[in-house]
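Below you'll find the structure, written out as structure tokens, and then a few comments.
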Amino acid sequence: MEKARADNFHLLPSPAMGIHFIDGSVGFLTSPNGTFRAAILSPGGQGGTMTLSVTGIVLTEAGNLMLLDQSDAVLWESFNYPTDTIVMGQKLPVGGFLSSAVSSSDLSVGSYWLSITASDALLQWKNLTYWKLSMNTGAYTTSSYPVEYMAMNQTGLYLLGNNGSQVVIQVNLSVSDFGIAKLDYSGQFSVSNFSGGAFNPIFAGPDDKCQIPFICGTLGLCSDDADNPVCSCPSNFHPSSQSQNPPVCVPSDSYSLPNSCISTDTSNTGNSLLVSFLSLGYGIDYFSNNFTSPVKYGVNLSVCEDLCSSDCSCLGIFYDNSSNSCYVLQNQLGSLMSNSSSDRLGFVKAIVGPSPANSGQALGFPIVALVLLPFFGFFLLATLGFFLWRRLRSSKTVKLNLNNQTIPSSEELDAFSIPGLPVRFGYEELEAATDKFKTMIGSGGGYSSTSSGRGLVYFPMFALEMHEQGRYLELADPKLEGRVSSEDVEKLVRVALCCAHEDPALRPSMVSVVSMLEGEIPSGQPKLESLNFLRFYGRRFGGASTKEESNNGQVDFTQ
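So the sequence shown is numbered by UniProt numbering: it starts at 1 and just counts up by one.
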């Protein structure tokens, strides 16, 4: 292979060969029929060395630019490296693709691809299919041979197999001497013929632009209006205040959209935050649902939501009511489209919390919560302590008749005191402190005494009964003197009872508890069937306190 300095590779102006120069560094190669022109740049000014064996450059009448060696063998040809366009006579083989530009002014590689497979031609966005050539109403499948390449001639667009001798899929087009097939930056694939000095589109896919994944931006709702789709935001969503093109539809200020875990921005991935699902309502669908299989069949909506909540790449779901199946939207959200015939119900995954504009503000906390939350928390701790104490004691009961035995005085107890142990009190001191054992002391906040004649009451059971009867103000501390409403107490009672569910799986997380107390999400509804153990322990405690009062000085100790 011959080595030559790049700046020693020269083209001489030759109108007969179609070579013309603007200046000493840029030349244009024109095809014999004058249809195509290729710009040839001299890289000599850039320095460096290039390894070349090229002795000739040819631009064919079909528009194929070829580099030839000394024996006129083709070293490189532009037809093998298309970008977003193919012309008549050009082949796009299986495994080949066209890639769109970013925009009309930015010709770098965009997000849309036309890929040729062994069975079809596919339009894809982010590796998700949104159109197939075989789906077009004008396409005909004529054989089952594996596809080898796509080509276009004067009469149509074809997928060919068996060395080009068999048509697998064909689309008949109006007869034209010259045409191009192009993947537009908008994501639509079109075929145009050249007549009257301009290109005129004669085929487009998809013909409904609302099926293009990003036609209306993130979560934009597309309504088809002939060739001009109308974009809007779904209900409960609004355009982002940030200047973006295309715009992004975002939820209300109480929610924010999470980032996928494959995103470069991992500040809000949602896998460790409180997640909610915002309904899109019926009559709305997503482009990929018709090209992907559900991830789950025969499940209810909650299973579908749980599946998405545990997957940081999942950003939304669609639930098919007719088949009880679940579709997931992953990695990046595209546009939505109106579809009144769809049975699918869409939900967008959202992070519960203030909007980014308010993220720097301090979180407000209700005064009632500051007062009553520790109160209920102490009750729960006392309840757990009571359960533990009962388990550590055996069922054997030793009865001590305090009236018949000699009780040592406090002075005698002091004589046998051991330094470091708790202070011991005599019987007389305990009798005086408890008003002859009518008042229980040192039992914590798990119980409450009332003046109704019922004696001691197990408070969690009492709170459960008041919740069932809707009498929440009876649970409020009288010291608050009307500064709390029944709704405030109800919210705290419901949160506390949810935290006391016997089944740990039903208990909310601390993040959920804080959000419920702040009013960002509705308070949970306690599951009464998981709180029946409070009645059981409450009745046992009530029976034990009644028995103690009737023993006339005889106290039961269990061990």
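Built from N, CA and C at the ideal position, the CB exists for glycine as well.
For the 8 angstroms CB-CB criterion, Thr129 and Phe318 do not form a contact. Leu315 is the residue among Ser260, Leu315, Asn300 whose C-alpha sits nearest the C-alpha of Phe277. With contacts defined as CB atoms closer than 8 angstroms, Gly187 and Trp125 qualify as a contacting pair.
Fully contained in the region 56-129 are the following beta strand (DSSP E) runs of length 3 or more, in chain order: 56-59, 65-68, 74-77, 85-87, 91-93, 97-101, 109-116, 121-125.
Around the CB of Gln469, fewer than 16 other CB atoms lie within 10 Å, so the residue is classed as exposed.
The beta carbon of Leu336 is closer than 8 angstroms to those of Cys216, Leu219, Gly220, Leu221, Cys222, Pro234, Leu280, Ile284, Asp285, Tyr286, Gly346 in its chain, skipping five residues each way along the sequence.
The region 82-97 makes contact with the region 144-160, as at least three CB pairs between them are under 8 angstroms. The C-alpha of Leu384 is placed about 29 angstroms away from the C-alpha of Glu429. When beta bridges are read from the DSSP output, Ile180 appears opposite Val87, Ser192. Counting along the chain, Ser486 sits inside the alpha helix (DSSP H) bounded by residues 486-499.
Beta-carbon to beta-carbon, Asp120 and Ser134 are separated by about 5 angstroms, close enough to satisfy the 8 angstroms threshold. Remark: C-beta atoms of Arg344 and Asp320 approach each other more closely than 8 angstroms.
DSSP, reduced to helix, strand and coil, places Pro460 within a helical segment of the structure shown. In the assembly as shown, Val109 is an exposed residue. Its beta-carbon has fewer than 16 other beta-carbons within 10 Å. Secondary structure of Tyr185 (DSSP, three-state): coil.
Counting the other CB atoms within 10 Å of its CB gives Asp488 a total of 16 or more, which places it among the buried residues.
Judged by their CB atoms, Val147 and Val168 are nearer to each other than the 8 angstroms cut-off.
Residue nearest to Asn163 within the set Asn532, Arg483, Pro93 is Pro93 (criterion: CA-CA distance). Per DSSP, reduced to three states, the secondary structure at Phe287 is helical. Pairing Ala463 with Leu473 gives a Cβ-Cβ distance that is not under 8 angstroms. Within the model, the alpha-carbon separation for Ser103 versus Ile57 is close to 31 angstroms. Setting aside the 5 residues that flank it on each side, Gly156 is surrounded in the same chain by Gln170, Val171, Asn172, Leu173, each with a C-beta closer than 7 angstroms to its C-beta; the list follows chain order. Straight through space, the alpha carbons of Ser515 and Ala432 are spaced by roughly 47 angstroms. The shortest C-alpha to C-alpha distance from Phe386 to any of Asp253, Val275, Ile521, Leu534 is the one to Leu534.
Taking 8 angstroms as the cut-off, the Cβ atoms of Gly205 and Asn136 count as close. C-alpha of Asn324 to C-alpha of Cys498: approximately 29 angstroms in a straight line. Shortest Cα-Cα distance from Val299 to any of Ser322, Tyr427, Ser313 involves Ser322. With respect to the 8 angstroms criterion, Phe536 and Phe459 are not classified as neighbours on the basis of their beta carbons.
With a contact defined as Cβ atoms closer than 8 angstroms, Asp72 and Ser53 miss out at about 12 angstroms. Assigned with DSSP and collapsed to three states, Gln211 falls in helix. A straight line joining the alpha-carbon of Val328 with that of Cys308 spans about 7 angstroms.
Per DSSP, Cys231 is one residue of the beta strand (DSSP E) stretching across 230-232.
Straight across, the Cα-Cα distance linking Phe199 with Ala139 is about 22 angstroms.
Beta bridge pairing from DSSP links Phe199 with Phe194. The alpha helix (DSSP H) runs lying completely inside the region 120-174 and spanning 4 residues or more number zero.
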